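Right, dumping it as structure tokens:
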């Protein structure tokens, strides 16, 4: 890659779409695949996904087992739950011919989601209340043949995700589970990826097919659009009825289970890019960064070996962090600075002959460019402090931006005007009717992204009548354009 | 699961096929999927696969990057390399209809292997000799629509695997790579899974489609059949020519790259089950076991709380091992003994009121049933010693068995007779002609599993004429029935 190729040639706030495309490709996150709408996840993107996996597995591993379910689902299984088939049929890729014999007896769906096949597994493996709660998760590839425009990570026909599926004795237990996993998603986004989220539920007409309640974590991107970052669904007894998932209670009475499902996908990498990136490329929060610290030896004059030696010593001293020493002799320090800025490494440490002599290090923060000269002694503690501050500041910046970009509206005109002029979230009262939302959608392509759980938000002053039709309203909702 | 359901009802050496089916299901490794030939990998099976992943990633991570390539490959890509299309066409599952628009312009293969799509990626990303060696790996699901009988792990239409793909400057570098990865597979099987392997190459007519050389690690199962446990292929310049994978050398001259590919799959779990299992179920070598030590508290009389407390203390003391305390109060100790024997946990520790009083522990080895009473003090060192011995003994047992079941033959009759009477490996001289192999295949369904690398083997006394046709032979080969 030449120095030219490293540079992002558009400004993020002038053309976010082109900026995004360049960052994805130039930072080595993903590339287009020969099949339209699919992507190749390149090594640096994969490292981020592997860290997300590791962090989320850690959160759930005490309670949830990982398994692997088949890619192909018979059409008759999808048809057992009517909402699933209606919801996903338009997006399914079908296998009708396979192997030497060709034509199959029944066509097979490449999984658009696995409720039906896992519900069947649950029905075979749950007998008694002692088997509950029953929890299983898989990390897998998913295929949804989107008709709309696709973009790497944000909307692709094939993506990677985690789907958790659980069964419980009661409605109450299922609700608890749904909220627990939603809380873990919020933790993953806020504490690990430094992206503040709103937690809430989707309107009735926008629930997951087959769900009684769909909850969501939403994050506002700097360009004023919202990303649905993870969802957790209460499936009630819908799948239990369709697939006979039953348990015998303490009195030998048979009951239907209450099931849930919940997922996050490689879309979260799209959110990460958009949330923090700047005109130079990616900005990675330390907790998710594949590399937290890059050491760049400045190889000039006669002291090259000493500089390299000292660089390795720095790495050793920082062994509790993910550190890379960029020893490439073909590239200039300037090239390396650009490269690792593009890749968003939170902290750069420069080691030159002067640094070796003075036992000092020059550090540069990726997020705000702050440069410091630090003593080598005690460098590990100092780096820890800096990285913690980076993580904190990245979060705070987005939180502040969300605050500034959340506006209230009491009339349809105010909603439209706010979305049109500023973007961001518009908080308003809503009667619950889909047609009222449609009036906003038709005009400015914004939709209700969630009904927030937060009590302060709900009791806040947005009036008690639907901003659109004037009917009495019990719901506070957030409108926004979405990815 | 009742105690009845835990028991394996057939002996391994009386009906290995039925034994295998029972172990897979009863130990919670895998279940059948609604689509014939596919499987559900259940949590215990998945834990084993995750350990294999972790161990192998560790071996390659310094040199090889993980990525993710698309599931769907356009037919025109498969067709670019003629051997690939001939080799895999009869096993491909095709997507011809997808989404709202239905019929696709070109049919798409669910990947039977990813050479073609990764070769395309290489051709776009390799420019100069500085980009070489180029190494990339993915962990992914694969679909091969087998016509023959399928069995969980050993032969399934969908399986999970790792496929590494590399590009090099020269034939020599590619050969080095092929052998390095084969060596790592051998290490994985021998040191981690305690299964001795033979390393060698496949006959010309049995190479991977598109390869110039296919190397293999083969392991002999106790029932006398061989399993191809991993393969590593030199692809020469075949894919480089089909996909124009070129690099500019130091003199600005364009050259074709030499590429390789190498893979191991969930089949390795099948080998693990067959290699070590006994009439009570699985026997897991400690290095691969999801649980190395199970602590079973004997909850009788008044001291239940003290027994549980002491059990937890044992777990703490053994914190460097993967330990589970089975605290379930609904099940008897006898039930638990059976359960963890079925799952092959290498060491059981029993903690009852007597043990608490005497600060002693009763240990029972899964592999040979050896029972010991050990002092609590210093238990960690003692357990380490025992587990090392288990790992060693499991390996030695198979090595001895392979030695005893490797016979030489100098005539066709001797080959057939040995295979028919004993199974195992038959070592013989072979001229190189497929039709000579066919004579053995037709009679006893045994084939040439490899041409061993080992020099001692090759110079050993099997004559210098093909045992089948009598022509001059330079090759020593191993015949065996295969999985």
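Residue numbers (my numbering), protein chains in the order written: chain Z, 1026 to 1508; chain E, 1026 to 1508.
Note that the Cβ used here is the ideal one computed from N, Cα and C, for glycine as well.
Quantities reported herein were computed from a predicted structural model and do not represent experimental measurements.
Worksheet item: With burial defined as no fewer than 16 other Cβ atoms inside 10 Å of the residue's Cβ, what is the status of residue 1263/Z: buried or exposed?
Response: Buried, since its Cβ has 16 or more Cβ neighbours within 10 Å.
Practice prompt. Using a Cβ cut-off of 9 Å (strictly closer), state whether residue 1339/Z contacts chain E.
Written response: So, not an interface residue.
Worksheet item: What does a CB cutoff of less than 8 Å around residue 1128/Z pick up in its chain, not counting 5 residues either side in sequence?
Response: Close CB contacts of residue 1128/Z within its chain, under the 8 Å cut and outside five residues either way in sequence, are with 1121, 1122 (chain order).
Practice prompt. Using DSSP bridges, identify the partner residues of residue 1119/E.
Written response: Residue 1119/E pairs with 1122/Z, 1134/E.
Worksheet entry | Cross-chain neighbours of residue 1168/Z in chain E, by beta carbon under 9 Å | Here the neighbours are 1096, 1097, 1120, 1123.
Practice prompt. Identify whether residue 1377/E lies in helix, strand or coil by the three-state DSSP scheme.
Written response: In the structure shown, residue 1377/E falls within a coil segment according to DSSP collapsed to helix, strand and coil.
Worksheet entry | Identity of the residues DSSP links to residue 1244/Z by a beta bridge | Checking the DSSP bridge columns, you'll see residue 1244/Z partnered with 1252/Z.
Worksheet entry | Contact check, residue 1325/Z vs residue 1359/Z, beta carbons under 9 Å | For residue 1325/Z and residue 1359/Z, no; Cβs fall outside 9 Å.
Worksheet item: Taking Cβ-Cβ distances below 8 Å as the criterion, which residues of the region 1038 to 1067 of chain Z are in contact with chain E?
Response: Of all residues in the region 1038 to 1067 of chain Z, 1056, 1058, 1059, 1060, 1063, 1064, 1065, 1066, 1067 have a Cβ within less than 8 Å of some Cβ in chain E.
Worksheet item: So, using beta-carbon positions, are residue 1260/Z and residue 1251/Z closer together than 9 Å?
Response: Not closer than 9 Å, so no.
Worksheet item: Is it right to say residue 1320/Z is buried, meaning 16 or more other beta carbons lie within 10 angstroms of its own, or is it exposed?
Response: Its Cβ being crowded by 16 or more others within 10 Å, residue 1320/Z is buried.
Discussion item. Helix, strand or coil, according to DSSP, for residue 1391/E in the structure here?
Written reply: Coil at residue 1391/E, not helix or strand.
Fill in: Span of the alpha helix (DSSP H), counted from its first residue to its last, around residue 1046/Z
Looking at the DSSP string, the run of the alpha helix (DSSP H) that includes residue 1046/Z is 1041 to 1051.
Practice prompt. Decide yes or no for the touch test of the region 1184 to 1198 of chain E against the region 1263 to 1279 of chain E: beta carbon pairs closer than 8 Å, at least 3 of them.
Written response: Yes, since at least three Cβ pairs between the region 1184 to 1198 of chain E and the region 1263 to 1279 of chain E fall closer than 8 Å, the two stretches touch.
Worksheet item: residue 1145/Z versus chain E: which residues are under 8 Å apart at the beta carbon?
Response: 1059, listed in chain order.
Discussion item. Less than 9 Å between CB atoms is the rule here; does residue 1115/E satisfy it with respect to chain Z?
Written reply: So, interface residue.
Practice prompt. Just the chain Z side, please: which residues come within less than 8 Å of residue 1091/E by C-beta, in chain order?
Written response: For residue 1091/E, the chain Z residues whose Cβ falls inside 8 Å of its Cβ are 1068, 1071, 1072, 1075, in order along the chain.
Practice prompt. Look at the Cβ atom of residue 1088/Z, then the Cβ atom of residue 1155/Z, and state whether they are nearer than 9 Å.
Written response: Cβ distance not < 9 Å, so residue 1088/Z and residue 1155/Z don't count as in contact.
Item to complete: Taking only the alpha-carbon atoms, compute the straight-line gap between residue 1372/Z and residue 1410/Z and give it to the nearest angstrom.
Response: Rounded to whole angstroms, residue 1372/Z and residue 1410/Z show a C-alpha spacing of 12 Å.
Worksheet item: When the cut-off is 9 Å and only beta carbons count, does residue 1171/E lie next to chain Z?
Response: Taking a beta-carbon distance threshold of 9 Å, residue 1171/E counts as an interface residue toward chain Z.
Discussion item. Out of 1084/E, 1487/E, 1343/E, 1051/E, which one is the CA nearest neighbour of residue 1070/E?
Written reply: The residue from 1084/E, 1487/E, 1343/E, 1051/E with its alpha-carbon nearest to that of residue 1070/E is 1051/E.
Discussion item. With a threshold of 9 Å between beta carbons, is residue 1102/E in contact with chain Z?
Written reply: It does: the Cβ of residue 1102/E has a partner Cβ on chain Z nearer than 9 Å.
Item to complete: Using DSSP bridges, identify the partner residues of residue 1475/Z.
Response: Note: residue 1475/Z sits in a beta bridge opposite 1503/Z.
Discussion item. Using only the alpha-carbon positions, how far apart do residue 1220/Z and residue 1440/Z sit?
Written reply: Answer to the nearest angstrom: the Cα atoms are 25 Å apart.
Practice prompt. With 9 Å as the limit, tell me which residues of the region 1351 to 1365 of chain E have their beta carbon closer than that to any beta carbon of chain Z; keep them in chain order.
Written response: For chain Z, the residues of the region 1351 to 1365 of chain E that bring a beta carbon within less than 9 Å of one of its beta carbons are 1355, in chain order.
Worksheet entry | For residue 1454/E, the three-state DSSP class (helix, strand or coil) | Shown here, residue 1454/E sits in a strand according to DSSP, grouped into three states.
Worksheet item: Just checking my contact of residue 1311/E with residue 1415/E at CB under 8 Å: how many whole Å lie between their CB atoms?
Response: Indeed, because the Cβ distance is near 6 Å, the residues count as touching under 8 Å.
Worksheet item: Are any of the Cβ atoms in chain E nearer than 9 Å to that of residue 1087/Z?
Response: Chain E has no Cβ within less than 9 Å of the Cβ of residue 1087/Z.
Item to complete: Taking 9 Å as the cut-off, decide whether the C-beta atoms of residue 1242/Z and residue 1185/Z are in contact.
Response: No, Cβ-Cβ distance for residue 1242/Z and residue 1185/Z is not below 9 Å.
Worksheet item: Secondary structure at residue 988/E, three-state DSSP: helix, strand or coil?
Response: Residue 988/E falls outside the range modelled here, since chain E spans only 1026 to 1508, and no answer is possible.
Worksheet entry | Opposing strand residues paired with residue 1089/E [DSSP bridges] | For residue 1089/E, DSSP assigns no beta-bridge partner whatsoever.
Worksheet item: CA-CA distance, residue 1347/E and residue 1171/E?
Response: Roughly 37 Å separates the two Cα atoms.
Discussion item. Along the chain, where does the beta strand (DSSP E) containing residue 1099/E start, and where does it finish?
Written reply: Annotation for residue 1099/E: the continuous beta strand (DSSP E) segment containing it runs 1097 to 1099.
Worksheet item: What does residue 1500/Z reach in chain E if we use C-beta pairs closer than 7 Å?
Response: In chain order: nothing, as chain E lies at least about 32 Å away.
Worksheet item: Under a three-way DSSP split, which group does residue 1369/E fall into?
Response: Here residue 1369/E carries a coil assignment [DSSP, helix/strand/coil].
Worksheet item: Name the DSSP bridge partner or partners of residue 1184/E?
Response: Its beta-bridge partners are 1167/E.
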